[in-house]
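Peer 1: Residue numbers (UniProt numbering): 1 to 446. A virtual CB, placed ideally from N, CA and C, is assigned to each residue, including glycine. Small disclaimer: the values here were computed from a predicted structure and weren't measured. For reference, the structure I am asking about is given below.
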């Protein structure tokens, strides 16, 4: 029986170098699509994006964030390249959802925009943002629901700070001017709400980008949109895109209207979607979907890390047999083996309180501790244990995003009876299993 599937097209941050290296090498149709993108970029005398997606030693996300226009094009090209590969493999989606600038990729995949016109719009979008000179600003993610995020925002005396994305029950993103965001982070810290500044060069989904939105609208006037050939649900419109006018509305408003992703995935799930596939790099959107939907919903992020065509096929082949992927490419949904514990908020751990030695067993030896961490991460994420070498970068190389890493570190804290990720540390302090093992041993020695 076919499982109703929705494709999720991510926005900012959905990039790592060489994401499509093996797919492009083996599939000419995917290369052709990416060359169509580069053909338009060449008209503007810009730098091609194909090398970013095929060369594993290319610029990192952090490096490419300095060139937001090229980053957006790389994210778009990754999404439509993966979508083309899945299409050639006979995989058909029942519905498409884009997040933020990912709505442009979703409309392209649905046939509402040509690849060439979508590329031109992304180029003109970057021009509009640069020439409009909006106030210096960005975006901050709060690890809380929208209601509490609104309370935090209300304590900030800066009207530019607004909710930009309603992402999940425990993730709300705000945008605004730099000064307002700094104040927001201070208020969040005082209230015990975790915050993280995103690598966003502008305060997206905010009225302060009104000038850029108007300039972009001038470029949009020269582009023809079409009725989508398949269902597209827009988190910006809050409903399905049914005609050309709807498609133009999404494009015209996407810089200034908020993203209601949480409501979108819940609405389409209520309408019958039982599986969600991330059509882009990393796995941010499937992580949000897992947090937002019931435990029996299935998710897969084919490009959570750099993989080949066979790995992608294996995940979808198992679905067609009515089972969850046996070797999921990303962390599986919460329909997990029995050892997986239910989701829960990180425990509040007392600060600086000595623990009696009898509270927990003695820490394992170094090699045993690493082996235990490998087993834990492999069971939860679904990768083979051997990929978790002690120096493998958990996010940069293995695609474990901040939401998953927080959940995993919480499990580590509970297993070894040490302070959890809510005790003041930063996720960036634990980029590898070796760093995590060292932190566990240091905490147990206190």
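1. Can you give me the Cβ contacts of residue 14 inside the same chain, cut-off strictly under 6 Å, excluding the 5 residues immediately before and after it?
2. Using alpha carbons as the reference points, say which of 412, 430, 293, 228 lies closest to residue 95.
3. When DSSP labels each residue in this structure, what does residue 12 get in the three-state scheme?
4. Check whether the segment 111–119 touches the segment 252–271, counting contact only when three or more Cβ pairs, one atom from each stretch, lie closer than 8 Å.
5. Pick out the complete beta strand (DSSP E) segments inside the segment 98–153, 3 residues or longer, and give them in chain order.
6. Going by beta carbon distance, what residues of the same chain come within less than 6 Å of residue 35, once the five residues before and after it are set aside?
7. Runs of 4 residues minimum, wholly inside the segment 64–92: which ones carry the alpha helix (DSSP H) assignment?
8. With a threshold of 16 other CB atoms inside 10 Å of the CB of residue 203, please say whether the residue is buried or exposed.
9. Can you tell me where the alpha helix (DSSP H) holding residue 436 begins and where it ends?
10. Under 8 Å by Cβ, that's how I've got residue 196 and residue 106 pegged, so tell me the actual separation to the nearest angstrom.
11. For residue 429, decide whether its Cβ has a neighbour in chain C, counting only Cβ atoms nearer than 8 Å.
12. With DSSP as the reference, please indicate the residues paired to residue 166 in a beta bridge.
13. Tell me the DSSP bridge mates of residue 299?
14. Can you list, in chain order, the residues of its chain whose CB lies under 6 Å from that of residue 238, leaving out five sequence neighbours each side?
15. If we ignore side chains and look at the alpha-carbon of each, how far apart do residue 407 and residue 374 end up?
16. Within the continuous alpha helix (DSSP H) that includes residue 250, where are the two ends?
17. Taking its Cβ as the centre, do 16 or more other Cβ atoms sit within 10 Å of residue 337, making it buried, or is it exposed?
18. Out of curiosity, what's the CA-to-CA distance linking residue 104 and residue 368?
19. In the DSSP assignment, find the unbroken beta strand (DSSP E) run with residue 195 in it and report its ends.
20. If you reduce the DSSP assignment to three classes, tell me which class residue 226 lands in.
21. Applying the 10 Å Cβ sphere with the 16-neighbour rule, what's the burial state of residue 242?
22. Given that a residue counts as buried once 16 or more other Cβ atoms are within 10 Å of its Cβ, and exposed if not, what is residue 296?
23. Run the CB neighbour count on residue 90, radius 10 Å, all protein chains shown included, and call it buried at 16 or more, exposed below.
24. What is the C-beta distance between residue 135 and residue 177, in whole angstroms, given that I count them as a contact (C-beta under 8 Å)?
25. Mind checking whether residue 82 and residue 71 have CB atoms under 8 Å apart?
26. Where does residue 163 land, buried or exposed, given buried means 16+ other C-beta within 10 angstroms?
27. What residues match up with residue 240 in a beta bridge as DSSP calls it?
28. Residue 315 bridges to which residues according to DSSP?
29. Comparing alpha-carbon positions, which option in 59, 303, 201 lies nearest residue 19?
30. Taking only the alpha-carbon atoms, compute the straight-line gap between residue 111 and residue 392 and give it to the nearest angstrom.
31. Apply the 10 Å Cβ neighbour rule to residue 161 and answer buried if 16 or more other Cβ atoms are within range, or exposed otherwise.
32. So for residue 259, helix, strand or coil by DSSP?
33. Using three-state DSSP, classify residue 52 as helix, strand or coil.
34. Using only the alpha-carbon positions, how far apart do residue 442 and residue 435 sit?
35. Anyone know if the C-beta pair for residue 101 and residue 171 falls short of 8 Å?
36. From 69, 167, 210, 149, pick the residue whose C-alpha is nearest to that of residue 181; which is it?
Peer 2: So, to answer that:
1. 75, 280, 281, 282
2. 228
3. coil
4. no
5. 137–142
6. none
7. 68–88
8. buried
9. 433–445
10. That belief does not hold up - the Cβ atoms of residue 196 and residue 106 are roughly 26 Å apart, past 8 Å.
11. In summary, chain C is missing from the structure at hand, where a single protein chain is found.
12. 172
13. 276
14. 260
15. 15 Å
16. 244–253
17. Only weak support is given to the placement of residue 337: the predicted model assigns it a pLDDT of 31, under 50, and the value that follows is read from those uncertain coordinates. Its Cβ having fewer than 16 others within 10 Å, residue 337 is exposed.
18. 48 Å
19. 195–197
20. coil
21. exposed
22. exposed
23. exposed
24. 5 Å
25. no
26. buried
27. 233
28. In DSSP, residue 315 forms no bridge with anything.
29. 303
30. 39 Å
31. buried
32. strand
33. helix
34. 11 Å
35. no
36. 149
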